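One structure below.
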Amino acid sequence: MNTKDTTHPEIHTELQNWRTNTLNTLLFVATLAMTPALVIVIINTIHAPELRLPTTIIYLIIYLCLTGLTFFRQLDTQLRGWGLVLIAYVAGSVSMAIGGLAGDGRLYLMVAPIAALTLIGLHAGITAGTLSMLIYAVFGIAAQMGWLSEWLIITDNTLNLSEWLLGGFVAGASLTFIITLQWRFNQFLTKTAIEKAKLHKQTQQEIVERMQAEIDLQAAHKELEIRVEARTAELAATNQKLQTEINERVEAEASLRESEERYRGLVENAPTGILSVNSNGQIINVNSQMLILLGSPSAEATMKINFFEFQPLIESGISASIKQVLNTGSPSQAEHQYSTKWGKEIHVMAHYSPIKNNLGETVGVQANVHDISEQVRAKQKIEASLREKEVLLKEIHHRVKNNLAIISSLLSFQAEITPSEEVQAAFQESQNRIMSMARIHEHLYSSRDLASIKMKHYIQGVVDYLRQTYHAYDITFQIETDDVLLDIDKAIPCGLIFNELISNVFKYAFPASYNPDQEKLLQVFMRLDDKEQCKLIVSDNGIGLPPDLDIKNVRQESLGLQLVNILSQQLEGDLQIDLTNGTTFSFTFPCPTERSISNDT
Numbered sequence: 000m001n002t003k004d005t006t007h008p009e010i011h012t013e014l015q016n017w018r019t020n021t022l023n024t025l026l027f028v029a030t031l032a033m034t035p036a037l038v039i040v041i042i043n044t045i046h047a048p049e050l051r052l053p054t055t056i057i058y059l060i061i062y063l064c065l066t067g068l069t070f071f072r073q074l075d076t077q078l079r080g081w082g083l084v085l086i087a088y089v090a091g092s093v094s095m096a097i098g099g100l101a102g103d104g105r106l107y108l109m110v111a112p113i114a115a116l117t118l119i120g121l122h123a124g125i126t127a128g129t130l131s132m133l134i135y136a137v138f139g140i141a142a143q144m145g146w147l148s149e150w151l152i153i154t155d156n157t158l159n160l161s162e163w164l165l166g167g168f169v170a171g172a173s174l175t176f177i178i179t180l181q182w183r184f185n186q187f188l189t190k191t192a193i194e195k196a197k198l199h200k201q202t203q204q205e206i207v208e209r210m211q212a213e214i215d216l217q218a219a220h221k222e223l224e225i226r227v228e229a230r231t232a233e234l235a236a237t238n239q240k241l242q243t244e245i246n247e248r249v250e251a252e253a254s255l256r257e258s259e260e261r262y263r264g265l266v267e268n269a270p271t272g273i274l275s276v277n278s279n280g281q282i283i284n285v286n287s288q289m290l291i292l293l294g295s296p297s298a299e300a301t302m303k304i305n306f307f308e309f310q311p312l313i314e315s316g317i318s319a320s321i322k323q324v325l326n327t328g329s330p331s332q333a334e335h336q337y338s339t340k341w342g343k344e345i346h347v348m349a350h351y352s353p354i355k356n357n358l359g360e361t362v363g364v365q366a367n368v369h370d371i372s373e374q375v376r377a378k379q380k381i382e383a384s385l386r387e388k389e390v391l392l393k394e395i396h397h398r399v400k401n402n403l404a405i406i407s408s409l410l411s412f413q414a415e416i417t418p419s420e421e422v423q424a425a426f427q428e429s430q431n432r433i434m435s436m437a438r439i440h441e442h443l444y445s446s447r448d449l450a451s452i453k454m455k456h457y458i459q460g461v462v463d464y465l466r467q468t469y470h471a472y473d474i475t476f477q478i479e480t481d482d483v484l485l486d487i488d489k490a491i492p493c494g495l496i497f498n499e500l501i502s503n504v505f506k507y508a509f510p511a512s513y514n515p516d517q518e519k520l521l522q523v524f525m526r527l528d529d530k531e532q533c534k535l536i537v538s539d540n541g542i543g544l545p546p547d548l549d550i551k552n553v554r555q556e557s558l559g560l561q562l563v564n565i566l567s568q569q570l571e572g573d574l575q576i577d578l579t580n581g582t583t584f585s586f587t588f589p590c591p592t593e594r595s596i597s598n599d600t
């Protein structure tokens, strides 16, 4: 067996321990056995020192080395083993040198390889065996050749070469047999130790596995108990929860029945007609008020009607309203005129609400129907009365406009027979003011809205009239107005203010001395802001007014500006004037937003 076994380190450790213990035993026994022999050698040396002294010194050295190997156990086992082998070789050599080749020396040469094989290993045993045979051969050759005849003391019969060779062959064969036997014995021990180690390891592994299995079983048992306890608690909680849910469901069902009864009572006693229709147009519920509204003799007769097949329902638009709610899922309302199956003509206002299932799908429609026949008839009467009043108001506005036109014509006739140009101009200004008011009434009777005037059309008409009156065809106009509606109380003073401001431009802004190469420009703006304020702006690039003019305190001779001042106060407005690059009048007055629209004509 090798000196080291890396495959089974535990076997190597066990073998090494066995070799160490064997070596210690051999060294101790050899030391004890050599002690009396050494004493005898020393005594013989004392009697014959000239013959025994070298031998005694050698034995003493061997004894000291043997003693050292015995007691210095901290040395490596292999080193101590080789030391023991070398001591055996030295002892054998000395024995053959003293006692001859036939003495005890050959025994040492055979013991040394066996000791090397046992204490160190196979390779050491083979090496030692080879060394023993080599020493044996050296001594034999030396004895036969006579090289050591003077030193060797022959006590046995003289050996010849054939006997020596035969003895060496026997010694070698014996040694080989012993080494082989020892090696096989070591293999058997090693195999047995390996099997024992495997069995021990397997046993230990099984023990560990069983202990671990026992631990796992205990842990599993404990975990199982915990899980059983937790599961039991969960089941108890679940049972409690189920019991609570059952109680709640029972209460909910009772509440639902009570709610259904209340709802049925409310529906049945509702002052309006209520019915429900499924997705196929079939009536599934109808209250008594709906039967009265329809003139139906019974709920069964009414429920035979299909909303998608009964022609009067299709013609009245009720079927289309039901389908719209089914398709969109959104509530709606509509007014219908309907001739019932039982010959009743009614006007109704129907409110349609979707009926949905648990998935949010629309599966039907509920209609709340109000009989508005009386309201419709009353509305028709009111509308007829309003139409009559509108006709009368239009006739009044038309007559007022005509009367103002007659007055304007009378002033025109009077101006023609008056020789004074100043008086004619005064008549013309009065005529213009009258025509501005007449245009208000003209717009009122020609419009669908008798309560307000669209100032955009009015301003354009006044500008066109005054332009023709003053023959101001060389002036460029820029008019921008928002869609502003004014009632008659604000439209007349606002129209008069606008008339005066435009007239002033035509009369004074561009005299004959005005630069003919410069464009004459008149700008008119009317804006409505978010603060319910209307702003009227009249601007020109003419010669302008005197810089020291105070618009709030004009002279009595300027009747137009006085009139503008008075009318602006009547409208609770603010009048500002800017004389930069001509003249700009800015008039701001309250104008509620509900009076501004853009669709009426």
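First residue of the sequence shown: 0, per numbering that gives the first Met the number 0; consecutive thereafter. Cβ atoms here follow ideal geometry from the backbone N, Cα and C, with glycine treated the same way. These numbers were taken from a predicted model, which means no experiment stands behind them.
Residue i to residue j, Cα distance in whole Å?
{"i": "Gln517", "j": "Glu382", "result": "57 Å"}
{"i": "Lys303", "j": "Ser320", "result": "20 Å"}
{"i": "Ala508", "j": "Val523", "result": "15 Å"}
{"i": "Gly82", "j": "Glu213", "result": "53 Å"}
{"i": "Asn238", "j": "Arg256", "result": "26 Å"}
{"i": "Glu314", "j": "Gly342", "result": "15 Å"}
{"i": "Gly572", "j": "Gln430", "result": "25 Å"}
{"i": "Asp4", "j": "Thr66", "result": "A caution first: Asp4 carries a pLDDT of 44, below 50, which makes its placement in the model too unreliable to give a value."}
{"i": "Ser567", "j": "Lys455", "result": "20 Å"}
{"i": "Leu495", "j": "Tyr464", "result": "14 Å"}
{"i": "Thr579", "j": "Pro510", "result": "18 Å"}
{"i": "Pro624", "j": "Arg376", "result": "No statement about residue 624 is possible, as the shown extent of the chain runs from 0 to 600 and does not include it."}
{"i": "His199", "j": "Thr12", "result": "15 Å"}
{"i": "Val364", "j": "Tyr351", "result": "6 Å"}
Round the Cβ separation of residue i and residue j to the nearest angstrom and send it over; I've been treating them as touching at under 8 Å.
{"i": "Phe497", "j": "Ala471", "result": "Actually they do not touch by this definition, with Cβ atoms about 16 Å apart."}
{"i": "Ala366", "j": "Leu274", "result": "6 Å"}
{"i": "Ala115", "j": "Val84", "result": "5 Å"}
{"i": "Val563", "j": "Leu574", "result": "7 Å"}
{"i": "Leu118", "j": "Leu223", "result": "So it is not a contact: roughly 59 Å between Cβ atoms."}
{"i": "Asp482", "j": "Lys519", "result": "The pair is not a contact, with the Cβ atoms about 28 Å apart (cut-off 8 Å)."}
Who are residue i's beta bridge partners in DSSP?
{"i": "Asn284", "result": "Ser275"}
{"i": "Asn564", "result": "Answer is none; Asn564 lacks a bridge partner."}
{"i": "Leu74", "result": "The partner list for Leu74 (beta bridge, DSSP) is empty, contrary to what the question assumes."}
{"i": "Arg526", "result": "Lys534"}
{"i": "Val368", "result": "Gly272 and Ala349"}
{"i": "Asn305", "result": "Gln281"}
{"i": "Ala333", "result": "Ala349"}
{"i": "Glu479", "result": "Phe524"}
{"i": "Glu344", "result": "Ser338"}
{"i": "Pro589", "result": "Gln532"}
{"i": "Leu484", "result": "Lys453"}
{"i": "Gly80", "result": "Partner(s): none; Gly80 has no beta bridge."}
{"i": "Leu574", "result": "Phe586"}
Looking only at its own chain, which residues have a Cβ that is under 8 Å from the Cβ of residue i, when we skip the five neighbours before and after it?
{"i": "Ser329", "result": "Pro353"}
{"i": "Leu68", "result": "Leu26, Leu74, Arg79, Gly82, Leu83 and Ile86"}
{"i": "Gly280", "result": "Asn305, Phe306, Phe307, Glu308, Ser318 and Ile321"}
{"i": "Cys590", "result": "Val483, Leu485, Lys489, Leu527, Glu531, Gln532 and Cys533"}
{"i": "Cys64", "result": "Gly82 and Ile86"}
Should residue i go down as buried or exposed, given a rule of 16 or more other Cβ atoms within 10 Å for buried?
{"i": "Asn156", "result": "Low local confidence applies: a pLDDT of 40 at Asn156 is under 50, so the model's placement there is unreliable, with the coordinate-based value given in what follows. It counts as exposed."}
{"i": "Asn540", "result": "buried"}
{"i": "Glu499", "result": "buried"}
{"i": "Met289", "result": "buried"}
{"i": "Ala29", "result": "buried"}
{"i": "Ala111", "result": "buried"}
{"i": "Met210", "result": "exposed"}
{"i": "Arg72", "result": "exposed"}
{"i": "Thr587", "result": "buried"}
{"i": "Val294", "result": "At residue 294 the sequence reads Gly, which differs from the Val that was named. Its Cβ having fewer than 16 others within 10 Å, Gly294 is exposed."}
{"i": "Leu312", "result": "buried"}
Leaving out five residues before and five after residue i in sequence, what residues of the same chain have Cβ atoms less than 6 Å from its Cβ?
{"i": "Thr583", "result": "Ser538 and Asp577"}
{"i": "Asn356", "result": "Val362"}
{"i": "His369", "result": "Thr271 and Met348"}
{"i": "Val285", "result": "Leu274, Ala298 and Thr301"}
{"i": "Gln477", "result": "Gln522"}
{"i": "Ser585", "result": "Ile536 and Gln575"}
Which residues in the same chain have their Cβ closer than 7 Å to the Cβ of residue i, if we skip the five residues on either side of it in sequence?
{"i": "Gln413", "result": "Phe426"}
{"i": "Glu479", "result": "Phe524"}
{"i": "Leu74", "result": "none"}
Check whether the Cβ of residue i lies closer than 8 Å to any heavy atom of the ligand COA, and answer yes or no.
{"i": "Asn20", "result": "By its list of ligands, the structure shown contains no ligand whatsoever, and the ligand COA lies outside what it can speak to."}
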